[in-house]
Structure formats: structure tokens, C-alpha cells
Amino acid sequence: ETIDKGQFFNLVDEKNLTPAEQEEDEIGAQILQLCDQYKNGYFETMSAFLNEIKKILEQTKK
19 ETIDKGQFFN
29 LVDEKNLTPA
39 EQEEDEIGAQ
49 ILQLCDQYKN
59 GYFETMSAFL
69 NEIKKILEQT
79 KK
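Just so you know, the sequence shown maps onto residues 19 to 80 in this note's numbering.
Here it is as C-alpha cells:
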């Protein structure tokens, strides 16, 4: 079963998003995708999953 990111991100029409909001939307989508992968057994450990989350968050600081 996958998480429908649309149910979380359709609150605001994407056409009206600022560049910063678009970036936040993309980050959220990436994190939801990782959660979905974790739920489906893609990651062997919670640490591996959290490391991927950390990578996404580090990229946002740049």
C-alpha cells in the first residue's frame, strides 16, 4: 500500500505556490516516499531509513 501524497499536498493549488513552498512540497513528497519504502521493507534497519531522511534534510540547508 502506498501513501497518496496528493491527500496531503492538494490543500494548496501548486500553481499558486512560491518557490520556497514548492521546495517544501517536494521535500515532503520525498519524505513520504521514504516512509512508504520503509513500510514496504525497502530499508533493512530504522537507522538506514533515518539516514536517508537526514540526507534530504541536509540538502535543504544548502
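Ideal placement from N, C-alpha and C gives every residue a C-beta, glycine not left out.
Query: Reduced DSSP secondary structure (H/G/I, E/B, other) of residue 46; Result: helix
Query: Run of the alpha helix (DSSP H) containing residue 68, from where it starts to where it stops; Result: 64-79
Query: Backbone CA spacing between residue 59 and residue 78 [nearest angstrom]; Result: 26 Å
Query: Close beta carbons around residue 45, own chain, < 7 Å, minus the five adjacent residues each side; Result: 74 and 78
Query: Residue 52 - DSSP class collapsed to helix/strand/coil; Result: helix
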